[in-house]
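Read the structure below first, then the notes.
And the structure:
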């Protein structure tokens, strides 16, 4: 392939091929090659660092905007890596002609979300490009957090472990789709965009093996990543998946699979079987975890394989996202 396609930014198979065939080829090292949401830096005090860019369109959507998304996305990458978010950088690329009133609304949202997530914005940068050289506003954030708890990573996952999700899936991508395309569903869908560090503080205990937030590519792609990194096989139960009626209706109407839809306020949590019930109960006690559910198990089988048990009792393979559901969802 000689040129970049939109699907290279989907978080699916082509994204992973681009990372491994080009970026890791030239930039790979012991930190980058771990392919985790955040990198744990060496030193006496364990710090985690992560970075993310945000190009969502439209800038404003039901449940959030690009500013709230930029804070939550980076905070969540730190939180699911076992780090307490501490510091955030904020870099803005502004298109000539962007209304100041819109920018102010977004900056206010960034401030409110940072306060909600208990993270400090400590440095930043602003660039302006000519009209037509960007689409209104792009944001990059880099986050640093302090690792004060047991490290979590895919290499700890074992057969018998239980797969939990902290709430309903697919909300964010359907919210973006309806806003962008002007679609009105019988039940309006709101983005789940939220900082997860408070929820994770609520349920984290001994027995949590691995956490990951299923953003681009959705639950299916994220679990494929974990299964490959951990060298394990996973089985999901389709009937156990928590899906809002509005999301299900939109998927049925548009022919989408909720397992491949992006989320911006959910975490996949893989735990020891004996800890699952207690952790699930703790999730339910938090406002962001009231829809949490056990959706699958880790089992003996082909390493890197993810299967879905259907309501009829059959099983089918869940691969990574192929192509692009919807570009610029985050």
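Residue numbers (UniProt numbering): 1 to 330.
For glycine and all other residues, C-beta sits at the position ideal for the given N, C-alpha and C.
Here the structure is a predicted model, which is why all the values come from computation and not from measurement.
TODO: Please specify which runs of the alpha helix (DSSP H), each continuous and at least 4 residues long, are wholly inside the UniProt domain "PurM-like N-terminal" (37-147), giving them in chain order.
DONE: Unbroken alpha helix (DSSP H) runs of no fewer than 4 residues, entirely contained in the UniProt domain "PurM-like N-terminal" (37-147), are found at 66-79 and 100-117, following chain order.
Task: Secondary structure, beta strand (DSSP E): runs of 3+ residues fully inside the UniProt domain "PurM-like C-terminal" (158-302) - done: Correct list: 162-165, 208-212, 233-237, 268-271 and 293-299.
Task: Minimum C-alpha distance to residue 92 - residue among 182, 83, 104 and 81 - done: Cα-wise, what sits closest to residue 92 is 104.
Task: Reference residue 262; option with closest CA among 132, 321 and 140 - done: Comparing Cα positions, the closest option is 321.
Open item on the list: If I follow the unbroken alpha helix (DSSP H) through residue 14, where does it start and stop?
Closed with: Element bounds for residue 14: 13-18.
Task: Distance between residue 132 and residue 98 (C-alpha atoms, nearest Å) - done: Cα atoms of residue 98 and residue 132: separation of roughly 11 angstroms, rounded to the nearest angstrom.
Task: Terminal residues of the beta strand (DSSP E) in which residue 318 lies - done: Where residue 318 is concerned, there is no enclosing beta strand (DSSP E), given that its DSSP letter is neither H nor E.
Open item on the list: Quick check on DSSP: helix, strand or coil for residue 308?
Closed with: Strand.
Task: Beta-carbon spacing of residue 47, residue 147 below 8 angstroms - done: Yes, these two residues count as a Cβ contact at 8 angstroms.
Open item on the list: Can you check which of these residues, 259, 86 and 287, is closest to residue 296 by C-alpha distance?
Closed with: Closest in C-alpha terms to residue 296, from the list 259, 86 and 287, comes 259.
Open item on the list: Please tell me whether, using a cut-off of 7 angstroms, the distance from the CB of residue 136 to the nearest non-hydrogen atom of the ligand MG is below it.
Closed with: No copy of the ligand MG appears in this structure; indeed no ligand is present at all.
- [ ] Have a look at residue 63 and residue 124 and give me their C-alpha separation to the nearest angstrom.
- [x] Pairing residue 63 with residue 124, the inter-Cα distance amounts to about 25 angstroms.
- [ ] Please report how far the alpha carbon of residue 330 lies from the alpha carbon of residue 225, in whole angstroms.
- [x] Answer to the nearest angstrom: the Cα atoms are 19 angstroms apart.
TODO: Would you mind reading off the limits of the alpha helix (DSSP H) that contains residue 27?
DONE: First-last of the alpha helix (DSSP H) with residue 27: 24-27.
Task: Test item: CB-CB of residue 112 and residue 59 under 8 angstroms - done: No; because the gap between Cβ atoms is not below 8 angstroms, this pair is not in contact.
Open item on the list: Using only the alpha-carbon positions, how far apart do residue 267 and residue 100 sit?
Closed with: Between residue 267 and residue 100, the C-alpha separation is close to 34 angstroms.
Open item on the list: To the nearest angstrom, how far is the alpha carbon of residue 16 from that of residue 7?
Closed with: Taking the straight line from one Cα to the other gives about 11 angstroms.
TODO: Kindly confirm or deny that the region 167-183 and the region 136-144 touch, where touching means at least three C-beta pairs closer than 8 angstroms.
DONE: Between the region 167-183 and the region 136-144 there are fewer than three inter-stretch CB-CB distances shorter than 8 angstroms, so the stretches are not counted as touching.
- [ ] Please name the residue in 164, 107, 318 and 315 whose C-alpha comes closest to that of residue 273.
- [x] When each option's Cα is compared against that of residue 273, the closest is 164.
Open item on the list: Quick check on DSSP: helix, strand or coil for residue 32?
Closed with: Reduced to three states, the DSSP call for residue 32 is helix.
- [ ] Give every residue of the same chain whose Cβ lies closer than 8 angstroms to the Cβ of residue 77, excluding the five residues on either side of it in the sequence, and list them in chain order.
- [x] Around residue 77, the same chain offers 37, 38, 50, 52, 143 and 213 as residues with beta carbons nearer than 8 angstroms, after the five sequence neighbours per side are excluded.
Open item on the list: Does the region 272-286 come into contact with the region 246-260, if we say contact requires no fewer than three beta-carbon pairs (one atom in each stretch) closer than 8 angstroms?
Closed with: No, the region 272-286 is not in contact with the region 246-260.
Task: Assigned exposure category for residue 197 - 16 Cβ within 10 Å defines buried - done: Flag for residue 197 reads buried.
Open item on the list: My output table needs one value for residue 6: the three-state DSSP class, helix, strand or coil.
Closed with: Of the three classes helix, strand and coil, the one that applies to residue 6 here is helix, per DSSP.
Task: residue 264 and residue 193 closer than 8 angstroms at C-beta - done: Contact annotation: residue 264 and residue 193 have beta-carbon atoms nearer than 8 angstroms.
Open item on the list: Quick check on DSSP: helix, strand or coil for residue 327?
Closed with: Coil at residue 327, not helix or strand.
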